[in-house]
Amino acid sequence: MSSYAKRLWLEEDLGDDYRWSYRVSAVLFSEEVEDGVREMAAKQVYHELLVHPPLLHHKNPKRVFIMGGGEGATAREVLRHASVEKVVMVDIDQVVTDFCSRHLERNTDAFRDPRLTLINDDARVQLEVAPDESFDIIISDLADPLDGGPCYQLYTQTLLTEEQLDSRIAQQLGGRPLTFLDGATFTGLRQLNKVVREALESEKEVYTADSARFIHGSGLKA
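Just so you know, we're using full-length UniProt numbering here: the sequence shown kicks off at 1 and counts up by one.
This is the structure in structure tokens:
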């Protein structure tokens with residue numbers, strides 16, 4: 001038997017001819033995840049691009065709502081902004097948030113930050129029942145929209161066009177017109193490019209990760 005077979009490996013197929021393989025030196029924790037998929041960006045570039053353009057675009061972001069973000073990396077990047085006074089992070093999977101707060105050293109400070117309020121619940125429910133307080137920024141950091149998965153309803157057209165929820169989100173954003181920086185429609189793409197360009201006016205260059213849903217193109221230059 002080869003030494004490869006004797007070891008424990010974590011493998012994931014990313015394509016027909018592309019597989020990630022990691023040799024496991026120790027098992028810290030064993031538990032089922034909500035949708036059976038492991039999702040986490042190891043490089044900070046994912047969360048930097050998710051967080052900093054909208055926060056830099058805002059003149060004075062103080063209150064931020066995060067949909068998902070269970071590993072704490074999105075909250076970590078949000079809390080780098082000195083103007084931020086409160087972050088509400090809503091993730092449905094308490095197993096994930098408990099594990100990450102204990103074992104992911106890069107993000108533990110975010111979980112301990114007194115400005116962070118962590119709620120283990122459906123993000124949609126929390127947006128609908130939240131008290132009448134204004135959020136300057138709402139960030140969606142969700143898992144893939146698998147059929148029947150915990151995040152599926154947060155990706156549906158029904159949610160994005162539902163009048164009641166649109167009104168609620170607009171209220172949370174202080175009554176400003178509701179726009180989705182999704183890059184999927186012409187209107188969204190045009191707005192996304194404008195927001196990113198204005199947010200990065202003082203930057204020389206930004207290198208994006210492959211297939212980043214929230215950035216149109218790669219190697220964006222201000």
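Glycine included, every Cβ here is placed at the ideal spot set by N, Cα and C.
Taking the beta strand (DSSP E) that residue i belongs to, which residues open and close that run?
| i | result |
| --- | --- |
| R23 | Y18 to R23 |
| D141 | I137 to D141 |
| F65 | R63 to G68 |
| V87 | K86 to V90 |
| L118 | L116 to I119 |
With burial defined as no fewer than 16 other Cβ atoms inside 10 Å of the residue's Cβ, what is the status of residue i: buried or exposed?
| i | result |
| --- | --- |
| V87 | buried |
| K204 | Confidence at K204 is low in this model, with a pLDDT of 49, below 50, so its placement is unreliable and no value can be given for it. |
| P177 | For P177, the predicted model reports a pLDDT of 48, less than 50, meaning its position is unreliable and no value from the coordinates is stated. |
| Y46 | buried |
| R213 | Reliability of the predicted coordinates at R213 is poor, the pLDDT of 44 falling under 50, and no value is obtained from them. |
| E12 | exposed |
Return the first residue and the last residue of the alpha helix (DSSP H) that residue i is part of.
| i | result |
| --- | --- |
| residue 226 | No statement about residue 226 is possible, as the shown extent of the chain runs from 1 to 222 and does not include it. |
| R102 | Q94 to H103 |
| V78 | A73 to V78 |
| A110 | T108 to R112 |
Taking the alpha carbon of residue i as the reference point, which residue from the options has its own alpha carbon closest?
| i | options | result |
| --- | --- | --- |
| D93 | H58, L118 and T74 | L118 |
| G69 | K194, V51 and S25 | V51 |
| A123 | Y46, D16 and D91 | D91 |
| residue 268 | V84, I66, H47 and E71 | Given a span of 1 to 222 for the chain in the structure shown, any question on residue 268 remains unanswerable. |
| E26 | A73, G72, P53 and W9 | The displayed chain sequence assigns Ala, not Glu, to residue 26. For A26, the nearest C-alpha among the options comes from W9. |
| L28 | I138, V125, D98 and K194 | D98 |
| K62 | L142, E12 and I138 | I138 |
| D136 | D121, F65 and N120 | F65 |
| M89 | S134, E48 and D141 | D141 |
| E71 | P53, W20, N120 and L55 | N120 |
(message) Would the stretch 123-130 count as touching the stretch 97-105 if we require 3 or more Cβ pairs under 8 Å?
(response) no
(request) Please determine if the stretch 108-118 and the stretch 66-79 are in contact, where contact requires at least 3 C-beta pairs separated by less than 8 Å. (result) yes
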